[in-house]
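According to this note's numbering, the residues represented by the sequence shown are 739 to 1015, in order. Glycine included, every Cβ here is placed at the ideal spot set by N, Cα and C. What follows is one structure encoded as structure tokens, with my remarks underneath.
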Amino acid sequence: MDIGLLGPLQAQTNGRTFVPSAAKPRQILALLALHAGRMVTVSTLMTELWKDAPPPSAATTVQTYVLQIRKGLDTALGEPGAAKSVLVTRYGGYSLDVPLDHVDVHAFERLAGAGRAAAEQGEPENASRILAEALGMWRGAPLTDVRPGPVLRREVVRLNEIRLSLLDARIETDLARGRHGDLLGELTALTTAYPLNENLWAHFLTALHRTGHRWRALEAYRHLRDIMVEELGLEPSSRLRQLHQAILCDNAQEQRTAAAGGRQPAAMRYGKPIAAR
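Okay, here's the thing in structure tokens:
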């Protein structure tokens, strides 16, 4: 069985696709898949479905939803009762017993770790390839057709932050490989989508200047500064100010130092993306 969470929820086996039609069973299947191989307690499932106000019949209702999921999985597996060995009842909860590499989130996180390791070992080409493979697993926003409760919502935020962090790492490896021109279109889109992410702006300024677009790099910095002052009442970080000064002076060595130094967490420094102006 292969389960996809990096986009619309999918569960496929033997060429058949199964996704619960009702909202709450979809939540349960998604949460179990995110914790594949580990038990998810009934209490956690109740919190996901009803937050802090579960009805008196919540535990029984969860059991009913699990039976509905099993019935759908039996149909997909093509064998009555087969789902009991996949969606397993444990003392106090349930587990989805499928290999981790058959759930796209877990395969993605494994590749993410391998890509980061390759980058740390000074293998930019290998790192870029692995990171691009990991990012290519995304089919859209995570669980885009699932209405998340508090538990799934935290997981979706976490996955989005990992994705943005990997994008940052992959772009950095591509800059190290000298692919500045190839990155301009992507960085234009990313800085529009995440206008307060200073790491992405640092990459964008670097790529612009190294492809001979010094005036565009300076204009991009002024645009970033306007956004930050208007939205946050803050000046760009010292790292970006140093990079801006290096571009003004056309100092290649200072640019390399500024682009690589003073790094912030690659996930969103200021939280969720805001609409571009």
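- Would you say SER866 and ARG908 are within 8 Å of each other, going by their C-beta atoms? Contact flag set, yes.
- Task: Leaving out five residues on either side along the sequence, give the residues of the same chain with a beta carbon under 7 Å from the beta carbon of VAL824.
- Result: Excluding residues within five positions, the ones whose Cβ falls inside 7 Å are MET739, LEU811, LEU834, ASP835 and VAL836.
- Task: Use the C-beta contact count for LYS809: other C-beta atoms within 10 angstroms, 16 or more gives buried, fewer gives exposed.
- Result: Exposed.
- Query: CB-CB under 7 Å to ALA940, same chain, minus the five flanking residues each way: which ones, in chain order?
  - Reply: Taking ALA940 as the centre and dropping the five residues before and after it, the same chain places the C-beta of ARG977, LEU978, LEU981 and ALA997 closer than 7 Å to its C-beta, in chain order.
- Hey, GLY887 and GLN765 are a contact pair by Cβ (cut 8 Å); roughly how many whole angstroms apart? The Cβ separation is near 6 Å, so the contact holds.
- Check the C-beta distance from LEU767 over to LEU747 and give it rounded, since I have them as a contact under 8 Å. The Cβ separation is near 7 Å, so the contact holds.
- Which whole runs of the alpha helix (DSSP H) in the segment 852-895 are 4 residues long or more, in chain order? Those alpha helix (DSSP H) runs which fall completely within the segment 852-895 and span 4+ residues are 862-873.
- Could you check if ARG848 is buried or exposed, using at least 16 other CB atoms within 10 Å of its CB as the buried criterion? It is exposed - the Cβ of ARG848 has fewer than 16 other Cβ atoms within 10 Å.
- Task: Sort LEU838, HIS844, GLU871 and ASP839 by Cα distance to GLY853 and report the nearest one.
- Result: Among LEU838, HIS844, GLU871 and ASP839, the Cα nearest to that of GLY853 belongs to GLU871.
- Message: Looking only at its chain, what residues have a beta carbon closer than 8 Å to the beta carbon of ALA958, apart from the 5 residues adjacent to it on each side?
- Response: The residues are THR929, TRP939, PHE942, LEU943 and LEU946.
- Query: Using the C-alpha atoms, what's the distance from LYS789 back to GLY919?
  - Reply: If you take the alpha carbons of GLY919 and LYS789, they lie about 48 Å apart.
- Item | Helix, strand or coil at ALA749 [DSSP, three-state] | Secondary structure of ALA749 (DSSP, three-state): strand.
- Task: Determine, using beta carbons only, whether VAL778 and TYR832 come nearer to each other than 8 Å.
- Result: Less than 8 Å divides the Cβ of VAL778 from the Cβ of TYR832.
- Is VAL967 buried or exposed, if buried means 16 or more other CB atoms sit within 10 Å of its CB? Exposed is the call here.
- Item | GLN806 to THR798 span [Cα, whole Å] | When the Cα atoms are used, GLN806 and THR798 turn out to be separated by approximately 13 Å.
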